[in-house]
Amino acid sequence: MTKTILKAVVGLILLAALLVVPRYVESPYALHMMILLFLSVSQGQSWNILGGYAGQYSVGHAAYFGVGAYTTMMLMHSKQVVPWVGVWVGVAIVIVVALVIGSICFRLRGPYFVLASIAVAEIMRLSAINLTTLTNGAEGILATEIPAFKIGERVITDFLTKVPFYYIGLFLALLTIGITYWVQHSKLGYYFQAIREDQDAAHSLGIHITIYKNIGLVISAVLTSLAGAFYGIYVGFVDPPTVLGLDVSVQIMLICIIGGMGTIWGPVLGSLLLVPLSEALRSNMITEGLVKVGLVSADSRVGLFLKENLAHAHVLLYGILVVLVILFMPEGLMGFLKKLAPRRNREAV
Amino acid sequence: MAILEIKSVSKFFGGLAANSDVSFSVEQGTIMGLIGPNGAGKTTLFNCITGYYPPSRGEVIFDGRRMNGLQPDKVCMLGMVRTWQKVRPLAKLSVIDNVMVGALAHTSSLKHARELAMEQLKVVRLEHREDFLAGGLPIGERKKLEVARALATKPKLLLLDEVMGGLNPAESEEIIQLILDIKAQGLTQMVIEHDMKAIMRISDRIVVLTSGEKLTEGTPQEVVSNQDVIDAYLGESHA
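Taken in sequence, the protein lines are chains C and R. Numbers 5 to 353, taken from my numbering, label the letters of the first sequence in order. Numbers 5 to 243, taken from my numbering, label the letters of the second sequence in order.
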């Protein structure tokens, strides 16, 4: 009991801290990092519901991310629909898309489902490139001016700083964590996990496999599309590779796989590791660090080589990281931490 | 009153008849044993009854209702549930969570499901394993877990597929007692088993399958003294 109270207190303190961060942190870069973190948590958590709990490894979540982002951006750009309305149009479209995809792909199991999910996302990407009248094709959509958010005549925010995005991101991350918590503590979560562990056994216990898989997919897709819409408005630009590319799908999965699938905190841990890592690699922070501590001289051949190439190598390093995690932490960071902690659910000997 | 009627059920895989023209019925509250040599079509028949395979011909009538073409989940909701010859624990869930998945068939409240699950764990005497991971249990306990999980769906007919397979004599004895306890509570059961001694003890009636066909049916005494059964099991030269 005391443990629960302790957890609640720690949670509340963290939440309060996160809520007041923008008051004390003025650096746009720091806020930007936090926003990327929130985005990553909500992406990973959305995938977690379908992949981690229901065991359906979709490698096509870019489809939902992209549809959410594109719908909101297209409506804002060409029809002047405000994003907080457009996003719900995106959600509605994503539900339809998810159910169509589900009805096709859920006939397949295991690796075949994975391949089908990739194919569907690629269809979306190619459509976005080729339906130029609708999506502006490969040029993408640029829409940086967001109308001010008003209630009545009162302007709540005009989206000129990063602060409103910080709060929207935080809300999205908390929403996805909350929904995952709810799933795990409901009949839905039990049924998802039963399907993940053994589909035939689940079927014999009265679980309608197709219905539950589709429920998982719809929840997951809707949350992913919210993240996509948020990304679109925040960055102000969408084009096919950045929101519909295969690497978007892979990125979404990795957050969850590295953090720990089928756990509430896995995607959070995964984001805490991956977001700073990918930022450090991209911005050449690592080379600068090595130079600063004197390991490598900036003008030496090694230094120049690193400076030149490390930023481009972040995908490679990412790949190496995934291999290491799968080899040494097959249950992700969460599984690894659980093994370190004294075991309560000890296996029978 | 017959709770389950199998009417001329056949199942073909290509040209192979895994079941052909099998008919019998199971009376309410009894235990029906299903025996036969390997490959006789016992598990195929279970699959036809519980919706995993649609029968190629014939009818399965359960509780007065035609079951052909119903999916396994629907079959379960109507009151027929099976266990698996090769056990299928939900390995990464705890023992109680496994049974709760079964109990959730008739309730949406986790609290209620947990209570129901605990009752069933007590029936199979696994309550001390409540928080263990199902995947880590030894085979005897995994078999019991299968039974508890199936019972939690509140069936009217329980189909046990070789629930004693791979167990030592002491464990088998526990399962026999369990099956008799379940019968005492009025639940109808159909049991596939290779252990002849066990099946003789628990069954009210026995159906013998060979090569997909029904060889004979009767009380355990009738079945063991039947010359065809002896031939099927031992070969004619030994008879």
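Heads up, the beta-carbon is just placed ideally off N, CA and C, and yes, glycines get one too. Here the structure is a predicted model, which means the values were calculated and not measured.
If you draw a 10 Å sphere on the C-beta of residue 103 of chain R, you find 16 or more other C-beta atoms in it, and that means buried.
Look at residue 193 of chain R here: in three-state DSSP terms it is strand. With the criterion set as a beta carbon lying under 8 Å from some beta carbon of chain R, the stretch 321-342 of chain C has no members that meet it. Below the 7 Å Cβ cutoff, chain R contributes 77 as neighbours of residue 211 of chain C, in chain order. Contact check for residue 102 of chain C against residue 252 of chain C fails: the beta carbons are separated by 9 Å or more. In the three-state scheme derived from DSSP, where H, G and I count as helix and E and B as strand, residue 51 of chain R is classed as helix.
Between the stretch 142-153 of chain C and the stretch 250-266 of chain C, the count of C-beta pairs closer than 8 Å stays below three; the two stretches do not touch. For residue 322 of chain C, the closest alpha carbon among the candidates C:305, C:300, C:304 and C:286 is that of C:286. By a beta-carbon distance limit of 8 Å, residue 87 of chain R does not contact residue 208 of chain R. Their separation comes to about 19 Å.
Within the same chain, and ignoring the five residues on either side of residue 218 of chain C in sequence, the residues whose Cβ sits closer than 6 Å to its Cβ are 106. Contact between the stretch 163-178 of chain C and the stretch 39-59 of chain C is present: 3 or more CB-CB pairs across the two stretches fall below 8 Å. Nearest to residue 116 of chain C by C-alpha distance, out of C:85, C:156 and C:63, is C:63.
In the structure shown, residue 217 of chain C falls within a helical segment according to DSSP collapsed to helix, strand and coil. Pairwise C-beta distances place the stretch 92-101 of chain R out of contact with the stretch 58-70 of chain R, as fewer than three of them are shorter than 8 Å.
Residue contact check for residue 191 of chain C against chain R: a CB pair falls below 9 Å. For residue 283 of chain C, none of the residues of chain R pass the 8 Å Cβ criterion, the least Cβ distance being about 33 Å. If you compare the alpha carbons of R:18, R:9, R:8 and R:23 with that of residue 219 of chain R, the shortest gap goes to R:23. Ranked by how close their Cα comes to the Cα of residue 37 of chain C, the residues C:280, C:332 and C:294 have C:280 in first place. As DSSP reads the structure, residue 36 of chain R sits in a beta bridge with R:194 and R:209.
Excluding residues up to 5 positions away in sequence, 153 lie with their Cβ nearer than 6 Å to the Cβ of residue 160 of chain C in the same chain.
Nearest CB-CB separation between residue 152 of chain R and chain C: not below the 9 Å threshold. The stretch 194-211 of chain R makes contact with the stretch 151-170 of chain R, as at least three CB pairs between them are under 8 Å.
When DSSP states are grouped into helix, strand and coil, residue 94 of chain C belongs to the helix group.
For the pair residue 159 of chain R and residue 194 of chain C, the Cα-to-Cα distance works out to about 20 Å.
Between the stretch 264-281 of chain C and the stretch 47-60 of chain C there are three or more C-beta pairs closer than 8 Å, enough to call the two in contact.
About 7 Å separates the CB atoms of residue 171 of chain R and residue 179 of chain R; that is less than 8 Å, so the two are in contact.
According to the DSSP assignment, residue 6 of chain R belongs to no alpha helix (DSSP H) but to the beta strand (DSSP E) extending over 6-17. Interface flag for residue 58 of chain C against chain R is unset, since no Cβ pair is found closer than 9 Å.
If you check the CB distance, residue 35 of chain R and residue 147 of chain R do not come in under 9 Å. Rounded to whole angstroms, the gap between the alpha carbons of residue 206 of chain R and residue 161 of chain R is 16 Å. Closer than 9 Å to the CB of residue 207 of chain C there is at least one CB belonging to chain R.
Within chain C, the C-beta atoms nearer than 8 Å to that of residue 81 of chain R come from 210, in chain order. In the DSSP assignment, the residues bridged to residue 222 of chain R are R:210.
Under the three-state reduction of DSSP, residue 175 of chain C is assigned to helix.
When Cβ-Cβ separations below 9 Å define contact, residue 61 of chain C makes no contact with chain R. In this model, residue 118 of chain C and residue 83 of chain C are separated by some 36 Å (Cα to Cα).
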